[in-house]
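Asker: Going by the numbering used here, the first residue of the sequence shown is number 479, and it counts up by one from there.
Before we start, here is the structure in question, set down as structure tokens.
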Amino acid sequence: VGPEYSSEAPIIAGIGARIGIPVISQSATDPTLSNRNAYPAFYRTVPSDNAAALAIAQLFLTYNWTSCLIIYQNDAFGNGGATAITNAFLKNGLGIAGTIVFDIVTLRLQDNLNDVLTASPTRIVVLWVNPPYVPSIIQNALDYDLIGSNYLWITSASFDLSNFNQTCYPNLIGLLNLEPTVTSVANAPINATLLNTAFDLWNQYEPETFPGSNNVDNYALFAFDAAWTLVQSLQKFCSITSNTSSCISLSNATYCFDRYLFNSNTLFDIINNMEFLGVSGHIQFSANTTDRINGSYYVANNIQYSSTGINFVQALSYSDSTGWQRNTLTQLIWPENTLAPPTSGAKLEGVKLILGLMQSTQYTNIINVADAFGNTTFQLVGYIPDLINLLQTKLGFIPDIRLAPSNQTYNGLVDDVANGIYDLVVADLTVTANRREKVDFSNSIFDNSVRLVIRAQPDIQIDLFSFLKPFSWDLWLLIIGTLIFGSILICIVERVANERLREKSHPAAYLMIIWYTFGNFMGRDVKLHPKTIAGRLISSAMFFLTLNGEVPGNRIGLLVGSASLEYYLTELSGGNPNYYPLYSRDQIYQSLLDDKIDVGFIDTGSAEYMTNDVYCNLTIAGSGFDVGIFAIPMRKGWIYANDLDVALLLLRESGDLNN
């Protein structure tokens, strides 16, 4: 019976195969030990870590957790468990945020626990080490405040809680311990008669070691079934192989490891085909795997307060058929002694953030506030400060607000985030492809587009013939005269040469020529093409009347380092920097008033606010274009991104963001 550890199992199983005797382990869980071809003499009554990994993945899916960090020991048990968990997570769409190796020789973690966990995007830690190593790792985490309100730990082994100082108890509350268990947790049958008989014998012959029937470790039950499997198989083996008193015979070799059990194949066949009800549940093996072929069962024990301090309490149970089930007799307690399950992502609560802001009249403005004693202080008001207050209330971070220099550009703010000068920049900053290459962005904080701002024209009285007023009467007479004279000239030069005109009567031909001339004026194709050189020259001369004027590039004001400048260079000027450069929105408005530019590119929010409330002699022309969003830039892979995005979505859904 044995061995206890996965690292020892390959050696003992190899000896068993060489001698021809079965080796049945009660606690070696390495998934690679399931290979029957590699370990022909090995069996185990405990489930493989593949089953444990699936149970953990199902636990994450149950509570909508998305990722974890694994701490594992550097041997067969640790490596096998970490691999099994990783594979199970990938199959279920979950992620592994990182791993830390615990060296069982030096008894130290190979990475700094504080550095790795605080930089990790997940706040759930799976500790996959043997029981003797658990307390030191847990104490290390407690020293760095890495267990409790911000982190949920799940261990693969229980540990003695009396080793910890009582001041650590609040942080240990909510920790989960996952262990294999017997089938009775899923109301499946066990051999209660056999179990009670064993307890009676134990209590009779060693009462000083008997802990009571409710305190026997599950691994002890797996060990009992391993021994009972050997008892049952040897009993049947002896009944069919020999009539003598000794049915177990070894070859008579001088070297002990050269000895071999006679008829060992028969013994293995008996085990492979044997089936009985044990104290841990249904026991059955096969020739194809070393594992029990019936279901796997686990419990999740939860550290909770008790009358004597803190204890592990069975809170959840798992089986292959039913998944995770709550224990109806106990309440599941989470970190901070709450009933609400935590999330797996990093939380901003208590985190100090350096926030960069850009002064802008309609988004972030500075006002002087005097207190009762006449002391004056500066206060930030506007859409952005209000948004920061809402986010701070919801997320609990500590803001360190820093106003960007007045000559800073929006592209410069993005660079500052990428370089770590700011954690976040909360401003009217548009998401663009070039900026997204440098930083990540949050969900939208404001829907935006670009508007054209121009000088407002004096009001004019509208009448029925207002469409004539862009041109003077002299110009209208010139247009009509040109239309008539041009038609006569084309009729003279084209009437004979053009086949389409020859086929028509004189009145119809004259009307068609007038229509052609009018079409040229309006820039329309009337399907009549001149055939003579003179006709083409006349048509070309009239075509010049349809040319449209454009605002010269140097009369278009654009904000340097802005998204609208990127749009202009990419979509309008073909990369030609022929615009009028300006360095603030106020400069754009003032340049329009001073007639230095004819049009300015400004985002919707600013344009609407300033033209309605500040510059009444400026107006917006046309509809919005280059539709986009304002968002909060953050460093690539920022661990708190999900927490921020969820908060922004909640603010939008509640209407607070729009208000």
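Don't be surprised by glycine CBs; every beta carbon is placed ideally from N, CA and C.
On a predicted model such as this, the values are computed, not experimentally measured, just so you know.
Is the Cβ-Cβ distance between L605 and T633 less than 8 Å?
Answerer: It is a contact, given that the beta carbons lie within the stated cut-off.
Asker: Taking just the CA atoms, how far does N669 sit from F735?
Answerer: So the alpha carbons of these two residues sit roughly 37 Å apart.
Asker: With DSSP collapsed to three states, give me the class of W543.
Answerer: Coil.
Asker: Which residue's Cα is closest to the Cα of R913: I899, S927, G890 and A934?
Answerer: Of the listed residues, the one whose Cα sits closest to R913 is G890.
Asker: Among L699, A566, T561 and K825, which one has its Cα closest to the Cα of N628?
Answerer: When only C-alpha atoms are compared, the closest one is K825.
Asker: Looking at C-alpha atoms only, which residue of Y1118, I749, N779 and Y861 is the closest neighbour of I499?
Answerer: Among Y1118, I749, N779 and Y861, the Cα nearest to that of I499 belongs to I749.
Asker: For the region 678-691 against the region 702-717, do three or more pairs of beta-carbon atoms, one drawn from each stretch, fall closer than 8 Å, so that the two count as touching?
Answerer: Segments in contact, no.
Asker: Inspect the beta-carbon positions of N1120 and G874 and report whether they are closer than 8 Å.
Answerer: In this structure, G874 does not lie closer than 8 Å to N1120 by Cβ.
Asker: Relative to the alpha-carbon of L755, which residue among K830, V660 and I781 has its alpha-carbon at the smallest distance?
Answerer: With distances taken between Cα atoms, L755 lies closest to V660.
Asker: Going by DSSP, what residue range makes up the alpha helix (DSSP H) through S485?
Answerer: Careful: S485 lies outside any alpha helix (DSSP H) and carries neither H nor E.
Asker: Can you give me the C-alpha to C-alpha distance between G1100 and L930, rounded to a whole angstrom?
Answerer: Approximately 7 Å, taken between the alpha carbons.
Asker: Applying the 10 Å Cβ sphere with the 16-neighbour rule, what's the burial state of V859?
Answerer: V859 comes out exposed.
Asker: List the DSSP bridge partners of Q762.
Answerer: E753, per the DSSP bridge assignment.
Asker: In three-state DSSP terms, what is M1112?
Answerer: M1112 falls in the strand class under three-state DSSP.
Asker: Identify the residues that DSSP records as bridge partners of W812: which are they?
Answerer: T816, per the DSSP bridge assignment.
Asker: Measuring alpha carbon to alpha carbon, tell me which residue in S640, L869, V694 and P813 is nearest T441.
Answerer: Because residue 441 is not part of the residues shown, which for the chain are 479 to 1137, the question remains open.
Asker: Per DSSP, D878 is paired with what?
Answerer: Bridge partners of D878: I832.
Asker: Please classify Y733: is it buried, with 16 or more other beta-carbons within 10 angstroms of its beta-carbon, or exposed?
Answerer: Classification for Y733: exposed.
Asker: List the residues that DSSP assigns as beta-bridge partners of Q857.
Answerer: Looking at the DSSP assignment, Q857 forms a beta bridge with I845.
Asker: Exposed or buried, what is V607 when buried is set at 16 or more other beta-carbons lying within 10 Å of its beta-carbon?
Answerer: Its Cβ being crowded by 16 or more others within 10 Å, V607 is buried.
Asker: Go ahead and label C969 buried or exposed: buried means 16 or more other beta carbons lie within 10 angstroms of its beta carbon, across all protein chains shown.
Answerer: Under this definition C969 is a buried residue.
Asker: Among all the DSSP beta bridges, which residues are the ones paired with Y796?
Answerer: Y796 is bridged to Y776 and W802.
Asker: Give me the Cα-Cα distance between S742 and S764, rounded to the nearest whole angstrom.
Answerer: So the two alpha carbons sit approximately 16 Å from each other.
Asker: Return the bridge partner residues of P658 from the DSSP annotation.
Answerer: Its beta-bridge partners are Y776.
Asker: Report the three-state DSSP secondary structure of Q782 (helix, strand or coil).
Answerer: If DSSP states are grouped into helix, strand and coil, Q782 belongs with the strands.
Asker: For the alpha helix (DSSP H) that contains Y521, what are its first and last residues?
Answerer: Y521 -> not in any alpha helix (DSSP H); beta strand (DSSP E) instead, spanning F520 to R522.
Asker: According to the neighbour-count rule (16 or more other Cβ atoms, all chains shown, within 10 Å of its Cβ), is V903 buried or exposed?
Answerer: Looking at its Cβ environment, which holds 16 or more other Cβ atoms inside 10 Å, V903 is buried.
Asker: In the structure shown, what three-state DSSP assignment does F700 receive?
Answerer: Helix at F700.
Asker: Check Y622 in the structure and name its three-state DSSP category.
Answerer: Note: Y622 maps to coil in three-state DSSP.
Asker: Suppose contacts are defined by Cβ-Cβ distances below 8 Å. Is D508 in contact with F555 by that definition?
Answerer: Yes, the pair counts as a contact, with Cβ atoms nearer than the cut-off.
Asker: Going by DSSP, which residues form a beta bridge with I556?
Answerer: One detail in the question is off: residue 556 reads as Gly in this sequence, not Ile. Partner(s): none; G556 has no beta bridge.
Asker: For V892, collect the residues of the same chain with a Cβ closer than 8 Å to its Cβ; drop the 5 residues on either side in sequence, then sort them by chain order.
Answerer: For V892, where only same-chain residues beyond five positions count, the Cβ hits under 8 Å are V903, L907, R913, K916, V917 and P1111.
Asker: List the DSSP bridge partners of Q551.
Answerer: In the DSSP output, where bridge partners are listed per residue, Q551 has F580.
Asker: Any contact of the region 806-821 with the region 841-854, i.e. 3+ C-beta pairs under 8 Å?
Answerer: Output reads no: the region 841-854 does not touch the region 806-821.
Asker: Counting pairs of beta carbons, one from the region 987-996 and one from the region 1033-1044, are three or more of them closer than 8 Å?
Answerer: Contact between the region 987-996 and the region 1033-1044 is absent, because fewer than three Cβ pairs lie under 8 Å.
Asker: On the DSSP bridge list, what partners appear for W606?
Answerer: In DSSP, W606 forms a bridge with Y550.
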